[in-house]
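The opening residue of the sequence shown carries number 1 in UniProt numbering; numbering runs sequentially from there.
One structure is given here, and the rest of the page talks about it.
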Amino acid sequence: MPKILVVDDSPVVKKIVTTTLVKKGFEVKEALDGVAALEILLSEKIDLVITDLNMPKMDGLQLTREIRKNPMYKRIPVIMLTTNPSEEQKALEAGANLYLKKPVTSEELISHVQKFLGIEMRS
1 MPKILVVDDS PVVKKIVTTT LVKKGFEVKE ALDGVAALEI LLSEKIDLVI TDLNMPKMDG
61 LQLTREIRKN PMYKRIPVIM LTTNPSEEQK ALEAGANLYL KKPVTSEELI SHVQKFLGIE
121 MRS
């Protein structure tokens, strides 16, 4: 099963997203910020990244830029999941594949993840 990296400084959001993904059979790694996420990306094969926008040390925009700069993982799909509705253009310019505004339903999140990973929809 694909491995997904969830990057968010909010323990509550991280738990909700992780639980949703694990229930669908995905393996999930978690990071508190962009710096920790890059460390994980360098040490493990990750198939998709779900990141928040506003985080300490390195925000989601910079994380996405760093992902796109590195040939090892520049093709990994990046979903930016945030409460900030005004940064969509910046996120897409940084290289995010999708910008989702919180709150998002579990079904919507899973649908997008499956689409980016090329997985057929299943209940």
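Ideal placement from N, C-alpha and C gives every residue a C-beta, glycine not left out.
Owing to the predicted nature of the structure, the values given are computational and were not obtained by experimental measurement.
Put simply, of Val-49, Asp-33 and Leu-92 the residue whose alpha carbon is nearest the alpha carbon of Leu-109 is Val-49.
DSSP lists no beta-bridge partner residue for Lys-57. By the Cβ test, the segment 66-78 is not in contact with the segment 14-29, since fewer than three Cβ pairs between them sit closer than 8 Å.
Cα atoms of Gln-89 and Asp-52: separation of roughly 15 Å, rounded to the nearest angstrom. Taken atom to atom, the span from the alpha-carbon of Met-1 to that of Val-113 is near 12 Å.
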